[in-house]
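First the structure, in the form of structure tokens, and then the observations on it.
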Amino acid sequence: MNTVVVHPVHARAAPILDFEFGDAEAILYIPSNGMPPILSPRTVLIGMQTGRRGELHISGTVDSFAILFQPDGLDLLFALPAQEFTDRSFDAESVFGRMIARFHERLADCRSSEERVSVANQFLIQHAHATRTRDGITAAAHQMLLEAAAGGIPAMAERAGLSARQFRRIFLQRVGVSPKLFARIARFEGALDRMARSSGGSWTEVAHRFGYYDQMHMVHEFAQFTGETPTRTLHYFETAFQRQMSAMRSSNGPRCDGGRWIL
1 MNTVVVHPVH ARAAPILDFE FGDAEAILYI PSNGMPPILS PRTVLIGMQT
51 GRRGELHISG TVDSFAILFQ PDGLDLLFAL PAQEFTDRSF DAESVFGRMI
101 ARFHERLADC RSSEERVSVA NQFLIQHAHA TRTRDGITAA AHQMLLEAAA
151 GGIPAMAERA GLSARQFRRI FLQRVGVSPK LFARIARFEG ALDRMARSSG
201 GSWTEVAHRF GYYDQMHMVH EFAQFTGETP TRTLHYFETA FQRQMSAMRS
251 SNGPRCDGGR WIL
């Protein structure tokens, strides 16, 4: 009997395009709303997530490759309305058409992760719409990720040359959530990331480092975004990503922009 690993689907500050190449029935999505289980498509586009939506039950042979977009990547690259994808997932073929099936085949034929990255870069350059100019909204979203902080939004709006109302409206359109909610999710991710990279860190230190009022404030935020305590959330990651986290803690794992680990 195959071992089943349970991985919660919780809040996340970026959309993902995920490709599966392993067993056809390796990943089963169990919604939290009581709806029937869903077999994960071979290629799935997952929008910004604002809370726990369910669980992934992972078994069998799993071989996956994921493209993690910048917060406004769906709008920036493909002119897709990010807000319509928030807290939702789609079979990517229903969004991008048959070209995504051909892209999946090309990735499946690759012999290494490095080759898949190269093929993915070529695909994005070839098929992305004419990108708009990066502006104050893009800069603000990136700053929130880098700083993992939930403050300073009025100053960001001012630097973008927008009123607070304009800033919120455009941010919501391009990123998929309000600036305030996005900053809170970025802070949650930063706090979890900090503990994931530490072999003996303290949640009290993390709460102070990321600007929570106190540890109970952090616990409340984790409950909203994951449905679990901070310690339980970290345990899920340690179970599902044991190899990657061992590499992270030995400083040999891959990193993404801003020093944040990709789990």
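The letter at position 233 of the sequence shown is residue 233 when you use UniProt numbering, and the numbering goes up by one with no holes.
Ideal Cβ placement from N, Cα and C applies to all residues, glycine included.
Are the C-beta of residue i and some C-beta of chain B separated by less than 9 Å?
| i | result |
| --- | --- |
| residue 214 | The displayed structure is made up of one protein chain only, and chain B is not part of it. |
Return yes when the Cβ of residue j is within less than 9 Å of the Cβ of residue i, no when it is not.
| i | j | result |
| --- | --- | --- |
| residue 18 | residue 90 | no |
| residue 86 | residue 185 | no |
| residue 54 | residue 27 | no |
| residue 154 | residue 195 | no |
| residue 48 | residue 92 | no |
| residue 138 | residue 72 | yes |
| residue 45 | residue 96 | yes |
| residue 20 | residue 36 | no |
| residue 182 | residue 144 | yes |
| residue 234 | residue 192 | yes |
| residue 157 | residue 164 | yes |
Between which two residues does the alpha helix (DSSP H) holding residue i run?
| i | result |
| --- | --- |
| residue 117 | 113-127 |
| residue 140 | 136-147 |
Pick out whichever of the options has its Cα sitting closest to the Cα of residue i.
| i | options | result |
| --- | --- | --- |
| residue 190 | 67, 212 and 174 | 212 |
| residue 6 | 44, 59, 13 and 41 | 59 |
| residue 69 | 121, 234 and 167 | 121 |
| residue 161 | 52, 136 and 147 | 136 |
| residue 126 | 223, 103 and 148 | 103 |
| residue 174 | 16, 12, 23 and 84 | 84 |
| residue 75 | 43, 141, 110 and 111 | 141 |
| residue 112 | 164, 63, 152 and 233 | 63 |
| residue 107 | 61, 149 and 43 | 43 |
| residue 38 | 22, 198 and 57 | 57 |
| residue 177 | 224, 199, 12 and 110 | 12 |
| residue 61 | 110, 4, 105 and 98 | 4 |
| residue 32 | 79, 23, 88 and 14 | 88 |
| residue 22 | 8, 94 and 105 | 105 |
How many whole angstroms separate the CB atoms of residue i and residue j, which I take to be in contact at a CB cut-off of 8 Å?
| i | j | result |
| --- | --- | --- |
| residue 52 | residue 226 | 5 Å |
| residue 188 | residue 179 | With a Cβ gap of about 15 Å, residue 188 and residue 179 do not count as contacting. |
| residue 77 | residue 10 | Actually they are not in contact, since the Cβ atoms of residue 77 and residue 10 sit about 25 Å apart, beyond 8 Å. |
| residue 100 | residue 67 | Not really, about 11 Å apart at Cβ, beyond 8 Å. |
| residue 228 | residue 222 | 7 Å |
Which residues mark the beginning and the end of the beta strand (DSSP E) in which residue i is found?
| i | result |
| --- | --- |
| residue 75 | Here residue 75 belongs to no beta strand (DSSP E); instead the alpha helix (DSSP H) covers 73-78. |
| residue 66 | 64-68 |
| residue 55 | 54-58 |
| residue 84 | Looking at the DSSP string, residue 84 is not in any beta strand (DSSP E), and its letter there is neither H nor E. |
| residue 103 | Where residue 103 is concerned, there is no enclosing beta strand (DSSP E), although the alpha helix (DSSP H) it sits in stretches over 99-108. |
| residue 44 | 43-46 |
Tell me the start and end of each unbroken alpha helix (DSSP H) in the UniProt domain "HTH araC/xylS-type" (135-236) that is at least 4 residues and wholly inside, in chain order. 136-147, 153-159, 164-175, 179-196, 203-209 and 215-226
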